[in-house]
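Engineer: Take this structure first; my questions come after.
2 protein chains.
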Amino acid sequence: MTARESCLADRLDIAFGLTAKERAVLVALEQSPRQCRRGHVVRRERERSDDLYIVRNGWLFSSVILVSGKRQILRFHFPGDLVGLGSGVLGEAAETLTAVTDIEMCTLPRGLLRTLFAEHPRLAAMIFSLAQADHVAMADRLASVGQMSAKARVASVLADILVRLRVLDKSITDSFHIGLTQEEIGDATGLTGVHVNRMIRTLVEEGVIARSNSHVRMLDEARLVQLANYVDRSKELDTSWLPPPPRD
Amino acid sequence: MTARESCLADRLDIAFGLTAKERAVLVALEQSPRQCRRGHVVRRERERSDDLYIVRNGWLFSSVILVSGKRQILRFHFPGDLVGLGSGVLGEAAETLTAVTDIEMCTLPRGLLRTLFAEHPRLAAMIFSLAQADHVAMADRLASVGQMSAKARVASVLADILVRLRVLDKSITDSFHIGLTQEEIGDATGLTGVHVNRMIRTLVEEGVIARSNSHVRMLDEARLVQLANYVDRSKELDTSWLPPPPRD
DNA sequence: CGTCCTCTTGACGGCTTTCAATAAAAGTGG
DNA sequence: CCACTTTTATTGAAAGCCGTCAAGAGGACG
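As they're listed, the protein sequences go chains A and B.
Whatever position you read off the first sequence (first residue = 1), add 472 for this note's numbering.
Whatever position you read off the second sequence (first residue = 1), add 472 for this note's numbering.
As structure tokens, then:
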């Protein structure tokens with residue numbers, strides 16, 4: 473049993489399976505977790521930074537700000553998610569990272585990618601896979617924002633959050649605490665906060681969801697998924713192309 | 473001088489610089505180019521396929537179709553672009569690839585990624601970098617579709633195409649042949665073809681662009697870029713983290 | 001207990017879509 | 001090379017979805 477742990481190792485182990493040796497490599501590299509309060513900006517775009525993070529606890533989102541001052545939320549990140557990869561290969565951060573809840577994140581050292589690519593090809597390939605899965609998720613979101621009605625876009629965000637939380641926490645079935653403001657949902661869907669409010673109310677009136685306090689409950693998940701044109705891709709990862717694990 | 477060539481080697485050489493040995497590896501792997509006619513669907517989403525392609529000549533675009541029948545164009549791909557990576561790590565293709573012009577593409581073998589990760593870490597890292605650059609580009613597009621006006625979105629697509637073509641072909645300064653229909657521009661921007669037409673006409677009336685036949689000319693590129701809130705990221709690739717090239 | 005943030009709701013306006021009809025262009029077959 | 005068909009571009013009118021503005025209510029927090 474290892475004294476230290478690694479968020480990244482846990483994540484990769486679940487998705488792909490790790491050997492003890494691979495796990496040891498990651499444990500050795502990972503730095504101690506860092507805490508942030510709800511609303512805190514972990515990193516701002518255009519900052520010089522090639523750090524990588526793994527979410528250990530809580531939610532955050534990545535976003536970009538336009539010159540008009542409008543904000544586009546690109547993606548929500550949950551425990552186990554690898555964050556900041558896109559900025560890691562550019563000179564400066566492309567995305568702002570903001571904590572939705574109190575969070576705990578593990579920072580990965582600057583040289584992580586170099587080390588993995590040079591010495592641990594199978595681990596590098598896993599990270600590549602996760603990055604490509606994110607790419608596909610972003611494509612789904614673009615299609616949602618570009619082609620769907622306001623109601624469908626809101627439904628799509630809710631469905632995505634529910635499905636992704638459920639993968640992480642088996643005890644979640646049909647409801648979750650949503651720490652987002654309606655304004656933030658608007659920034660993710662390309663709508664105003666006011667209109668998000670109306671769409672949520674419509675979904676409640678139609679019996680698709682229910683709310684109490686800050687909890688959202690799915691009453692008719694089939695209809696929600698249909699409304700949102702939602703595709704769950706969480707089970708589609710193809711691991712057959714990965715290089716074989718090293719022989720001890 | 474090599475008898476055979478490799479589109480991928482050319483691309484990586486321009487972006488990162490290749491050793492002769494690295495080039496030889498890629499030349500050995502690359503298959504002979506394949507031709508497609510304008511409008512031809514190279515690959516359809518949900519098809520079982522983990523092929524990778526490099527564009528040698530012409531344009532294509534990747535897109536997804538929603539159940540409503542609407543289509544979201546995700547990205548245009550120009551010569552040298554690596555296409556299909558996102559689908560390569562999933563069991564099935566996530567995106568449809570459609571030729572905008574007559575095109576010539578090089579197919580890369582199924583095992584390419586595995587070979588590169590296992591045996592040529594620096595090449596794998598380069599491909600990872602390109603993939604992440606695409607990720608950032610997709611984020612920019614999402615912000616455009618989610619937050620900007622119709623005119624700005626159209627301007628943004630035109631600016632993106634111009635800038636990217638100019639990197640590939642130094643002879644291009646302010647005009648290019650646009651093989652896209654206004655409907656296709658609409659599918660990329662989340663607008664209807666009719667409204668794209670109106671926005672293009674507005675841009676012409678304002679003296680920002682001019683058209684003749686299927687050619688678009690930028691009359692006031694500064695204003696176009698400003699309208700589009702366009703950020704040229706083509707020079708932002710950070711190559712310092714790449715593993716060192718192998719010693720011969 | 002007061003302040004700030006978020007949610008809620010209504011009225012109004014405008015941007016974009018939809019529908020429709022024509023013209024122009026491109027592709028096809030003779 | 002010309003007639004015919006299909007696709008694309010263009011334009012107007014009307015409708016609708018969503019944004020803007022505004023005001024009040026409810027909660028969290030100090």
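From the three backbone atoms N, C-alpha and C, an ideal C-beta is built for every residue, glycine too.
It should be emphasised that the depicted structure is a prediction, and the values quoted were computed from it without experimental measurement.
Just to confirm before moving on: does the CB-CB distance between A611(A) and Y702(A) stay below 8 Å?
Structural biologist: The answer is no: Cβ separation not under 8 Å.
Engineer: Is the distance from the Cβ of A627(A) to the Cβ of L675(A) below 8 Å?
Structural biologist: In contact: A627(A) and L675(A) (Cβ atoms closer than 8 Å).
Engineer: Chain B partners of G552(A), CB-CB under 9 Å?
Structural biologist: Near G552(A) there are no residues of chain B at all, since even the closest Cβ is about 17 Å away, more than 9 Å.
Engineer: By Cβ distance below 6 Å, which residues in the same chain neighbour Q507(B) in space, the five residues on each side in sequence not counted?
Structural biologist: E576.
Engineer: Identify the contact partners of R483(B) in chain A, using a Cβ-Cβ distance below 7 Å as the criterion.
Structural biologist: Near R483(B) there are no residues of chain A at all, since even the closest Cβ is about 16 Å away, more than 7 Å.
Engineer: Evaluate the contact criterion for the region 530-545 of chain B versus the region 600-616 of chain A: three or more CB pairs, one atom per stretch, below 8 Å.
Structural biologist: Cβ pair count under 8 Å is three or more, so yes.
Engineer: Which of helix, strand or coil does DSSP assign to H512(A)?
Structural biologist: The answer is coil: DSSP assigns H512(A) none of H, G, I, E or B.
Engineer: Using a beta-carbon distance below 8 Å, is R506(B) in contact with chain A?
Structural biologist: Not closer than 8 Å to any Cβ of chain A, the Cβ of R506(B) fails to qualify, so no.
Engineer: Tell me whether Q654(A) sits in a helix, a strand or coil according to DSSP, three-state version.
Structural biologist: Of the three classes helix, strand and coil, the one that applies to Q654(A) here is helix, per DSSP.
Engineer: How would you write the range of the alpha helix (DSSP H) that H687(A) sits in, first residue to last?
Structural biologist: That residue, H687(A), is in no alpha helix (DSSP H); its beta strand (DSSP E) goes 687-690.
Engineer: Can you confirm whether E655(A), when its beta carbon is compared against all beta carbons of chain B, has any partner nearer than 8 Å?
Structural biologist: By this cut-off, E655(A) is not an interface position.
Engineer: According to the Cβ coordinates, are S559(B) and S521(B) closer than 8 Å?
Structural biologist: In contact: S559(B) and S521(B) (Cβ atoms closer than 8 Å).
Engineer: Under DSSP, the alpha helix (DSSP H) around I599(B) begins and ends at which residues?
Structural biologist: 593-619 is the span of the alpha helix (DSSP H), which, as asked, contains I599(B).
Engineer: How should P716(B) be labelled, buried or exposed, when 16 other C-beta atoms within 10 angstroms of its C-beta is the threshold for buried?
Structural biologist: Label assigned to P716(B): exposed.
Engineer: Would P718(B) count as contacting chain A if we go by Cβ distances under 8 Å?
Structural biologist: No, its Cβ sits nowhere closer than 8 Å to a Cβ of chain A.
Engineer: Taking contact to mean at least 3 C-beta pairs separated by less than 8 Å, is the region 580-595 of chain B in contact with the region 523-535 of chain B?
Structural biologist: With a cut-off of 8 Å, the region 523-535 of chain B and the region 580-595 of chain B count as touching, because enough Cβ pairs lie within range.
Engineer: Using a Cβ-Cβ cutoff of less than 6 Å, which residues in the same chain neighbour A565(A) once the five nearest sequence positions on both sides are dropped?
Structural biologist: Closer than 6 Å at the Cβ level, and outside the excluded window around A565(A), lie R515, E517, E519, S521, S559.
Engineer: Note down, in chain order, each residue of its chain lying with its Cβ closer than 6 Å to the Cβ of R483(A), except the 5 sequence neighbours on either side.
Structural biologist: Counting only Cβ-Cβ distances below 6 Å, and skipping sequence neighbours, we find G552.
Engineer: Could you tell me which uninterrupted beta strand (DSSP E) segments, each at least 3 residues in length, are contained entirely in the region 480-524 of chain A, listed from first to last along the chain?
Structural biologist: Fully enclosed beta strand (DSSP E) runs of 3 or longer: 505-508, 513-515.
Engineer: Just to make sure I have the definition right: I need the residues of chain B whose C-beta is within less than 8 Å of the C-beta of E708(A). Which are they?
Structural biologist: Neighbours of E708(A) on chain B, chain order: L562, G563, E564.
Engineer: Less than 6 Å between C-beta atoms, sequence neighbours within five positions excluded: which residues of the same chain meet that for I537(A)?
Structural biologist: The residues are R543.
Engineer: How many Å lie between A571(B) and G556(B) at the Cα?
Structural biologist: Their Cα atoms are separated by approximately 14 Å.
Engineer: For A475(B), collect the residues of the same chain with a Cβ closer than 6 Å to its Cβ; drop the 5 residues on either side in sequence, then sort them by chain order.
Structural biologist: Only weak support exists for where A475(B) lies, its pLDDT of 44 falling under 50; the coordinates are left without a value.
Engineer: Can you say whether K623(B) is buried or exposed, counting buried as having 16 or more other CB atoms within 10 angstroms of its CB?
Structural biologist: By the 10 Å Cβ count, K623(B) comes out buried.
Engineer: Which word fits E567(B), buried or exposed, when buried means at least 16 other C-beta atoms lie within 10 angstroms of its C-beta?
Structural biologist: That one is buried.
Engineer: Distance check for A597(B) and D692(B), CA to CA, integer angstroms please.
Structural biologist: Their backbone Cα atoms lie some 38 Å apart in a straight line.
Engineer: Using DSSP bridges, identify the partner residues of H649(A).
Structural biologist: Looking at the DSSP assignment, H649(A) forms a beta bridge with H687(A).
Engineer: Rounded to a whole number of angstroms, what is the C-alpha to C-alpha distance between N685(B) and R670(B)?
Structural biologist: Cα-Cα distance, rounded: 17 Å.
Engineer: Compare the C-beta of S521(B) with all C-beta atoms of chain A and state if any pair is closer than 8 Å.
Structural biologist: Not an interface residue.
Engineer: Nearest to H512(A) by CA position, among L595(A), W531(A), V629(A), is which residue?
Structural biologist: The shortest Cα separation from H512(A) among L595(A), W531(A), V629(A) belongs to W531(A).
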